[in-house]
Amino acid sequence: MCDFKRIEDKKVVVPSRTISNPSPLKKAASNRHPGQTHTRTEIDGAMNHELAMARFLMQDLADHVLGHIVSTNLARDILQEFVHKKVIQVFDGTAPRNLKLPLDPKSDDAQRAVQQAFEHASRYDCIRDTQSGPGEPESSSTNTKGKGKQKEKEKTCSFNWTTFPTEPLREEALVSFLNDITDRAFAFAQPNLGVSSQELHHRFAAPEDKYHAVPLSYEPDGEDMRPDFLLLPIEAFSDDFKKVDPKYVNFTASRLVGESKNKDLAAGIEQMQRYARGLKRAQPWIYYVLGMTVTKDKAVFMRGEGSGMERLELMLTDGRGCIEFIRILLGLALADRVDLGHNPDVELKRREQACK
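Residue numbers for the sequence shown follow UniProt numbering, beginning at 1 and rising by one.
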């Protein structure tokens with residue numbers, strides 16, 4: 001027989017009043033708490049915290065967003081034309097340009113540099129042909145001829161945009177450069193490459209007011225936000241493109257926000273993130289937002305939405321960077337609003353609102 005001992009019931013004492021132990025404030029950028037500081041440094045830091053593990057470097061981003069408008073082949077042909085017209089100069093090697101003269105645009109070395117840039121850019125296209133991509137080396141199993149011979153080394157070349165504004169990089173000069181490159185690219189592409197039926201839908205602009213924020217950002221902290229340049233619909237400009245209707249210079253009309261820096265690319269990306277958040281708040285009907293950061297030798301193209309941010313970083317002195325930069329500028333100008341993230345099921349009505 002088993003002897004079972006009775007387990008005595010123990011009374012559970014419930015406190016008459018529960019002591020509150022609140023969770024610490026979440027470091028959030030989108031919905032700030034009263035106890036959190038609202039300085040730009042804190043906001044940028046909170047956004048970086050929110051985007052941790054949600055920022056990705058995407059080498060095919062330009063082709064994925066704009067490749068159906070401007071193909072790599074088209075961008076290559078425009079680069080070739082720019083080299084011939086000396087809009088872009090090609091230099092042998094990576095030595096300082098003041099020690100070397102640019103290559104003759106019609107020389108074999110210059111043509112080879114453009115071809116190498118095209119092959120490099122083609123490796124990142126989203127859609128591949130069934131055949132081997134251009135510039136892909138033969139595998140060791142198929143390369144039976146000349147076994148043991150060292151492959152000829154590609155010649156390193158650097159590229160220089162002759163009309164790129166010098167330091168300090170000012171907004172008006174940069175916008176003028178971006179629009180000039182876009183116009184030149186479109187002028188070449190329209191009659192020669194079968195896009196004569198298309199027209200420019202967007203153009204870059206810089207806010208004229210340097211001391212006040214761009215209106216209608218709907219920021220939760222009421223902070224001032226002034227992007228260095230915007231991509232606006234073509235109807236915002238006068239017929240000669242010299243004037244911008246100030247009614248369009250706001251976050252509800254902009255298609256892209258941009259920031260320019262002389263050298264500090266990281267700071268430019270942080271500011272672009274904040275502007276992109278303002279763009280999404282002002283336009284909740286868009287699927288994603290676009291942004292750019294430009295320095296004297298680099299450019300960043302960004303696409304952001306609810307799950308995170310993708311960006312493409314380019315060297316403007318690199319052949320592949322030139323091709324992608326041309327594709328981005330011309331693609332943004334030719335794209336319609338759906339290409340830039342607008343929900344086609346949402347119809348908008350224009351309404352004027354006074355901004356204090």
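For every residue, glycine included, the Cβ atom is placed at its ideal position computed from N, Cα and C.
DSSP beta-bridge partners of residue 157: Sequence index remark: in the sequence shown, residue 157 carries index 157 (1-based). Residue 157 pairs with 92.
Whole-angstrom distance between residue 177 and residue 346, CA atom to CA atom: Looking up residue 346 in the sequence shown gives position 346. Looking up residue 177 in the sequence shown gives position 177. For residue 346 and residue 177, the distance between alpha carbons rounds to 34 Å.
Three or more C-beta pairs under 8 Å: does that hold for the stretch 235-250 against the stretch 261-278? no
Of all the options 296, 106, 290, which has the alpha carbon lying nearest to the alpha carbon of residue 331? For the purposes of this step, residue 331 is taken as the residue at position 331 of the sequence shown. Ranking 296, 106, 290 by Cα distance to residue 331 puts 290 first.
Below 9 Å between beta carbons: does that hold for residue 215 and residue 175? Here the question's residue 215 lines up with position 215 in the sequence shown. Here the question's residue 175 lines up with position 175 in the sequence shown. No.
Quickly, what does DSSP pair residue 233 with across the bridge? List them, please. What you label residue 233 is simply residue 233 of the sequence shown in a count that begins at 1. Answer is 202, bridged to residue 233.
Contacting residues, own chain, Cβ-Cβ under 7 Å from residue 203 (five flanking each side not counted): The count along the sequence shown starts at 1 and reaches residue 203 at position 203. Closer than 7 Å at the Cβ level, and outside the excluded window around residue 203, lie 179, 232, 234, 237, 241, 333.
Which whole-angstrom value is the C-beta distance of residue 162 and residue 122, which I expect to be below 8 Å? On the sequence shown, residue 162 is found 162 positions in, with the first residue counted as 1. On the sequence shown, residue 122 is found 122 positions in, with the first residue counted as 1. Between residue 122 and residue 162 the Cβ distance is about 26 Å, and since that is not below 8 Å, they are no contact.
Hey, how far is the Cα of residue 268 from the Cα of residue 227? For the purposes of this step, residue 268 is identified with residue 268 of the sequence shown, where counting begins at 1. For the purposes of this step, residue 227 is identified with residue 227 of the sequence shown, where counting begins at 1. One C-alpha to the other measures close to 10 Å.
For the beta strand (DSSP E) that contains residue 110, what are its first and last residues? Here residue 110 refers to the residue found at position 110 of the sequence shown. Counting along the chain, residue 110 falls outside any beta strand (DSSP E), though it belongs to the alpha helix (DSSP H) covering 108-122.
Stretch-stretch touch, CB-based, cutoff 8 Å, three pairs: the stretch 82-96 with the stretch 164-173: no
Exposure of residue 211, with buried meaning 16 or more beta-carbon neighbours within 10 Å: The residue given as residue 211 occupies position 211 in the sequence shown. Exposed: under 16 other Cβ atoms inside 10 Å.
Determine, using beta carbons only, whether residue 318 and residue 117 come nearer to each other than 9 Å. Residue mapping note: residue 318 aligns to position 318 of the sequence shown, counting from 1. Residue mapping note: residue 117 aligns to position 117 of the sequence shown, counting from 1. Closer than 9 Å, so yes.
Bridge partners of residue 260, per DSSP? In the sequence shown, the residue the question calls residue 260 occupies position 260. The partner list for residue 260 (beta bridge, DSSP) reads 294.
By DSSP's criteria, residue 360 is part of a beta bridge. Which residues make up the other side? Nothing in the structure corresponds to residue 360, since the chain is present only between 1 and 356.
With 16 other Cβ atoms within 10 Å as the buried cut-off, status of residue 261: To locate residue 261, count along the sequence shown from 1; it is residue 261. Its Cβ being crowded by 16 or more others within 10 Å, residue 261 is buried.
Residue 78 and residue 189 look like a contact to me (Cβ under 8 Å); what is the Cβ gap, rounded to whole Å? One-based indexing of the sequence shown puts residue 78 at position 78. One-based indexing of the sequence shown puts residue 189 at position 189. Confirmed, about 6 Å.
Just the C-alpha distance for residue 187 and residue 201, rounded to the nearest angstrom, thanks. Stepping through the sequence shown from its first residue, residue 187 is reached at position 187. Stepping through the sequence shown from its first residue, residue 201 is reached at position 201. Rounded to whole angstroms, residue 187 to residue 201 spans 14 Å at the Cα level.
Helix, strand or coil at residue 57 according to DSSP, with G and I counted as helix: Residue numbering aside, residue 57 sits at position 57 when the sequence shown is read from its first letter. In this structure, residue 57 counts as strand in the three-state DSSP scheme.
Considering Cα atoms alone, identify which of 293, 253, 278 is closest to residue 266. For this step, residue 266 is matched to residue 266 along the sequence shown. Answer by Cα proximity: 293.
What does a CB cutoff of less than 6 Å around residue 328 pick up in its chain, not counting 5 residues either side in sequence? Position 328 of the sequence shown, counted from the start, is the residue given in the question as residue 328. Taken in chain order, the residues that qualify are 62, 301.
Under three-state DSSP, which class holds residue 175? Within the sequence shown, numbered from 1, the residue matching residue 175 stands at position 175. Helix at residue 175.
Please classify residue 286: does DSSP put it in a helix, a strand, or coil? Taking the sequence shown and counting its residues from 1, one reaches residue 286 at position 286. Correct three-state label for residue 286: strand.
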